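Each remark here refers to the structure printed beneath this line.
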Amino acid sequence: IVYYSFKDSKTLEKLITTSCGRNDARLAENMALLAQMISYCEDKFTCRRVLQLNYLGESFKAESCGKTCDNCANERQYKLLDCGHETKKIIDILND
Numbered sequence: 001i002v003y004y005s006f007k008d009s010k011t012l013e014k015l016i017t018t019s020c021g022r023n024d025a026r027l028a029e030n031m032a033l034l035a036q037m038i039s040y041c042e043d044k045f046t047c048r049r050v051l052q053l054n055y056l057g058e059s060f061k062a063e064s065c066g067k068t069c070d071n072c073a074n075e076r077q078y079k080l081l082d083c084g085h086e087t088k089k090i091i092d093i094l095n096d
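In the numbering used here, the protein residues as written are 1 to 96.
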């Protein structure tokens, strides 16, 4: 079980930044790991087992999950939307 809120990520980012000091390599590595964890927590579509096993260097087919993870059980599907028209309106408003 992972308990997560976006606020947590900001707190962890601050802790990482202050604890790494001037060690840029360590800071970059820790920030990359945090970004991976945030991506895992916020992903609502990819099979959790696929994500976990990929992290460990193994492969797993989502079809084999058997709807045992939250994402597969919810059967969410994403839909691509063309928001070009709305985006242009927003940009026009901001430019005025």
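For every residue, glycine included, the Cβ atom is placed at its ideal position computed from N, Cα and C.
If you're wondering where the values come from, they're calculated on a predicted model, not measured in any experiment.
Whether residue i touches residue j by CB criterion (9 Å)
| i | j | result |
| --- | --- | --- |
| Leu-51 | Leu-34 | no |
| Cys-72 | Cys-47 | yes |
| Lys-44 | Asn-74 | yes |
Span separating the alpha-carbon of residue i from that of residue j
| i | j | result |
| --- | --- | --- |
| Ala-25 | Lys-14 | 16 Å |
| Ile-16 | Leu-56 | 23 Å |
| Ala-32 | Ser-39 | 10 Å |
| Ser-59 | Gly-21 | 36 Å |
| Glu-29 | Glu-63 | 32 Å |
| Ile-91 | Thr-68 | 43 Å |
| Lys-79 | Lys-61 | 22 Å |
| Cys-83 | Leu-27 | 36 Å |
Exposure of residue i, with buried meaning 16 or more beta-carbon neighbours within 10 Å
| i | result |
| --- | --- |
| Arg-49 | buried |
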